[in-house]
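Worksheet: the structure to be examined is printed underneath.
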Amino acid sequence: MHCRHLVPTLAVALGIAVSASPARAAADAVTSPAAGPWTEAHDASPAFAPDGDTVVFTRGVGTARRLYVAHRQGSTWSAPVRAPFSDRWMDFEPAMAPDGSYLVFVSNRPANGEGKALDGDWGGKPQPGRGGNLWRVDRHGDGWGTPVRLSDRVNASHSTFSPAVGKDGSLFFVRVNRGNGAFRLYRSRCKQATCQPAQPLALGAGGDRSDYDPAVAPDQSFLVFSSDRPPAPSNGGDLFIAFATPGGWSAPTDLGVAGDEARLGPDHATLYYSAPDHRIHRVSLASWLARHAAATR
194 MHCRHLVPTL
204 AVALGIAVSA
214 SPARAAADAV
224 TSPAAGPWTE
234 AHDASPAFAP
244 DGDTVVFTRG
254 VGTARRLYVA
264 HRQGSTWSAP
274 VRAPFSDRWM
284 DFEPAMAPDG
294 SYLVFVSNRP
304 ANGEGKALDG
314 DWGGKPQPGR
324 GGNLWRVDRH
334 GDGWGTPVRL
344 SDRVNASHST
354 FSPAVGKDGS
364 LFFVRVNRGN
374 GAFRLYRSRC
384 KQATCQPAQP
394 LALGAGGDRS
404 DYDPAVAPDQ
414 SFLVFSSDRP
424 PAPSNGGDLF
434 IAFATPGGWS
444 APTDLGVAGD
454 EARLGPDHAT
464 LYYSAPDHRI
474 HRVSLASWLA
484 RHAAATR
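If you read the sequence shown in my numbering, its first letter stands for residue 194, the second for the next number, and so on.
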């Protein structure tokens, strides 16, 4: 959500960089800028189709953000084109269903599509025009249907952000705790646009710590998210990984990378994320996944 500088109290998209703390775990991950159709500062959240040949991402800053689509053409990408359903409202943080049949995204558009943009409520004060609800739009080849707002079981407030989708229809997302401004991860089982009541994820942060911007494996075997929990720097967030176990989620482990708005690539082992330089970077999760597989044999 581009929220590093506000993570201790809110975690929402403004995109101010911070430096990583040298005291946190170094990790053995190697990060690098990610090549792709994203060329502008603040491009973010690349959501890939399963074949990797189509990507939807966010372009713009603040309420001027819109969703853009590009297609792979051999070894290059087409010029990004604004998605036809993303013209009037602030749209951002797209998440592709693992089968590529639909997209879930955040928008400040009102429920009926007309009238005033949603106001948010985070950081201890109202945020005019900067609210968010989750919407779904079906994909038809290279075309798109009409966005449908998800139910109040998901959109229980106008500060609902950061979707991620499992292959069984499970929807992961973020809500703000109005009591302390912290963000927490939730999951709801969804079929089509019908979702069950959302349940908070047990990831052990609690208090005024914020967990946000999830990226989930299609089979939900692991979850990557941003958090300001230790050992992340006090004025920002690191990427963490947690694994599904028979008893619930494992204790999250710091990847040693400062970033947010993470998305998995088509191989489900490459993580794309927004780094403190406002650009999309990538890091391989292969060593983390291999270590976990070896430890659970």
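Think of the CB as a built atom: it goes at the ideal place given N, C-alpha and C, for glycine as much as any other residue.
Every value quoted in this text rests on a predicted model; they were computed, and no experiment measured them.
Query                                                                                                                                                                 : Result
Which of the three DSSP states is assigned to Asp353 in this structure?                                                                                               : The residue you asked about is not Asp; residue 353 is Thr in the sequence shown. Looking at Thr353 - three-state DSSP - the assignment turns out to be strand.
Helix, strand or coil for Ala216? Go by DSSP, reduced to three states.                                                                                                : In this prediction, Ala216 scores a pLDDT of 40, lower than 50, which makes its location untrustworthy; no coordinate-derived value is stated.
Closer than 8 Å is the cut-off here; do at least three beta carbon pairs connect the region 331–348 with the region 310–317?                                          : no
Using the three-state DSSP reduction, which class does Arg484 fall into: helix, strand or coil?                                                                       : helix
How many angstroms separate the CA atom of Pro277 from the CA atom of Ala435?                                                                                         : 36 Å
Does the region 409–420 come close enough to the region 383–390 to have 3 or more Cβ pairs within less than 8 Å?                                                      : no
Rounded to a whole number of angstroms, what is the C-alpha to C-alpha distance between Pro439 and Thr489?                                                            : 11 Å
My assumption, with CB atoms under 8 Å, is that Gly322 sits in contact with Thr256. Please give the rounded CB distance.                                              : 6 Å
Return the chain-ordered list of same chain residues with a C-beta closer than 6 Å to the C-beta of Arg275, the five sequence neighbours on each side being excluded. : Arg259 and Tyr261
Among residues of its own chain, excluding the 5 on either side of Asn348, which ones have a beta-carbon nearer than 7 Å to its beta-carbon?                          : Asn326, Leu327 and Arg342
Can you round the beta-carbon distance between Asp404 and Leu378 to whole angstroms, since I take them to be within the 8 Å contact cut?                              : 5 Å
Could you tell me which of Ala487, Tyr465 and Arg484 sits nearest to Thr224, measuring between CA atoms?                                                              : Tyr465
Hey, His471 and His264 are a contact pair by Cβ (cut 8 Å); roughly how many whole angstroms apart?                                                                    : So it is not a contact: roughly 24 Å between Cβ atoms.
Where does Thr269 land, buried or exposed, given buried means 16+ other C-beta within 10 angstroms?                                                                   : exposed
Could you give the distance in angstroms between the alpha-carbon of Asp447 and the alpha-carbon of Ser419?                                                           : 9 Å
Are there 16 or more other CB atoms within 10 angstroms of the CB of Asp244, so buried, or fewer, so exposed?                                                         : exposed
DSSP puts Gln266 in a beta bridge; with which residues?                                                                                                               : Thr269
Look at the alpha carbon of Ser300 and the alpha carbon of His351, and state the distance between them as a whole number of angstroms.                                : 10 Å
Of the choices Pro459, Asn370, Phe250 and Thr247, whose alpha-carbon is the least far from that of Gly400?                                                            : Asn370
Taking the C-alpha atoms as reference points, what is the distance between Asp421 and Arg368?                                                                         : 15 Å
What is the DSSP secondary structure of Thr463, counted as helix, strand or coil?                                                                                     : strand
Would Ala483 be called buried (16 or more neighbouring beta carbons within 10 Å of its own) or exposed?                                                               : exposed
In terms of residue numbering, what span does the beta strand (DSSP E) encompassing Glu454 cover?                                                                     : Asp453 to Leu457
Quick one: using the 10 Å Cβ neighbour count with 16 as the cut-off for buried, is Arg475 buried or exposed?                                                          : buried
Mind pulling the beta strand (DSSP E) runs of 3 or more residues that sit fully within the region 285–366?                                                            : 295–300, 313–315, 318–320, 326–333 and 353–358
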